[in-house]
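Heads up, the thing below is written out as structure tokens.
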Amino acid sequence: MRKISMFLLLPILFAWSCGKEPETAQVDETIAEVASTMDVPVDPDTTDQIPGGQYLIDASSEKTASLVRERLNQLFTEDLKIGIIDSLSRKFIFFEFDLNGDQSKEILVGLTGPYFCGSGGCTQFILNDKGEVLSKFTVSDYPVVIAPDKTNGWSDLYILSGGDYRVVKFNGKTYPSNPSVLPKLGMLPGDGLPRALDFMNDNYPWFSF
Numbered sequence: 772m773r774k775i776s777m778f779l780l781l782p783i784l785f786a787w788s789c790g791k792e793p794e795t796a797q798v799d800e801t802i803a804e805v806a807s808t809m810d811v812p813v814d815p816d817t818t819d820q821i822p823g824g825q826y827l828i829d830a831s832s833e834k835t836a837s838l839v840r841e842r843l844n845q846l847f848t849e850d851l852k853i854g855i856i857d858s859l860s861r862k863f864i865f866f867e868f869d870l871n872g873d874q875s876k877e878i879l880v881g882l883t884g885p886y887f888c889g890s891g892g893c894t895q896f897i898l899n900d901k902g903e904v905l906s907k908f909t910v911s912d913y914p915v916v917i918a919p920d921k922t923n924g925w926s927d928l929y930i931l932s933g934g935d936y937r938v939v940k941f942n943g944k945t946y947p948s949n950p951s952v953l954p955k956l957g958m959l960p961g962d963g964l965p966r967a968l969d970f971m972n973d974n975y976p977w978f979s980f
């Protein structure tokens, strides 16, 4: 009787095992579902060797990059149309920092290439969080050091221009546009001070416009 019972059970066991999905398939599906919901960092600059998740947080927001890109395209519409801004000059970096303590970060923008840079430095901008131009600098090099002192409620800046750091103070409406004519700092800024646009020492992605 025991042999007959086993033979009767075999078809039932076979049918049950065929209807059951392999465990490996279930595991693969679970992994796929988890991966699809993960926030995988997007690499904004595929021209360098830096992984997408290793850029500075305040220098890599796609939303901020779009805001800066839109403003630069508006500012240089005519020159872009006639093609005098070369491809190397159509790149920018940025750094977000609250310069006036209003809980909204300003955007320091650095440009590059022969259109924007010369022997004395490059063109830089400060935008508000809506992308409006607050200040424009010429003959300014990198980095921009954010000083501990404030003038008219805004952080002083130490901007490298002509080989020396210059003290750039907010005048109540804007920052002076030509740092090269401003007083020299006379020393190197402290290592503990925030440094904006310091792409030589920090992980900055370059964006195009």
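Quick note on this note's numbering: the sequence shown kicks off at 772 and runs consecutively.
All C-beta atoms in this analysis are idealised placements derived from N, C-alpha and C, irrespective of residue type, glycine included.
Cut-off 6 Å between Cβ atoms - residues of its own chain near residue i, not counting five sequence neighbours on either side
i: Leu928; result: Val915, Val939
i: Phe978; result: Ala836, Phe863
i: Leu843; result: Phe980
i: Leu846; result: none
i: Gly892; result: Val910, Ser911, Asp912, Ser932
i: Arg966; result: Pro914, Val916
i: Arg861; result: Ser979, Phe980
Sequence-distant residues of its chain with Cβ nearer than 8 Å to residue i (five each side left out)
i: Leu959; result: Tyr936
i: Val798; result: For Val798, the pLDDT reaches just 41, beneath the cut-off of 50, and the residue's location in the model is therefore unreliable, although a value from the coordinates is still provided. Excluding residues within five positions, none has a Cβ falling inside 8 Å.
i: Ile853; result: none
Presumed contact (8 Å Cβ cut-off) between residue i and residue j, rounded CB distance
i: Phe863; j: Leu882; result: 5 Å
i: Asp986; j: Ser875; result: The first residue shown for the chain is 772 and the last is 980, placing residue 986 beyond what the model contains.
i: Ser911; j: Ser932; result: 5 Å
i: Asn942; j: Asn923; result: 7 Å
i: Asp829; j: Phe868; result: 7 Å
i: Asp814; j: Pro822; result: 7 Å
i: Phe866; j: Leu964; result: Actually they do not touch by this definition, with Cβ atoms about 13 Å apart.
i: Ser831; j: Pro976; result: 5 Å
Residue i: first and last residue of the uninterrupted alpha helix (DSSP H) it sits in
i: Leu931; result: Unbroken run through Leu931 is the beta strand (DSSP E), 925 to 932; no alpha helix (DSSP H).
i: Arg842; result: 833 to 846
Extent of the continuous beta strand (DSSP E) to which residue i belongs
i: Gly881; result: 877 to 882
i: Gly892; result: 892 to 898
i: Lys862; result: 862 to 868
i: Tyr886; result: No beta strand (DSSP E) contains Tyr886, which DSSP labels as neither H nor E.
i: Asp935; result: 935 to 939
Beta-ladder partner(s) of residue i, from DSSP
i: Tyr913; result: None, per the DSSP bridge assignment.
i: Phe978; result: Phe863
i: Phe908; result: Gln895
i: Thr922; result: Trp925
i: Ala830; result: Bridge partners of Ala830: none, in fact.
Sequence-distant residues of the same chain with beta carbon closer than 7 Å to residue i, five excluded per side
i: Leu763; result: Not covered by the structure: residue 763. The range shown for the chain is 772 to 980.
i: Gln825; result: Asn974
i: Pro954; result: Arg937, Val938
i: Ile856; result: Phe847, Asp850, Tyr886
i: Glu841; result: Gly902
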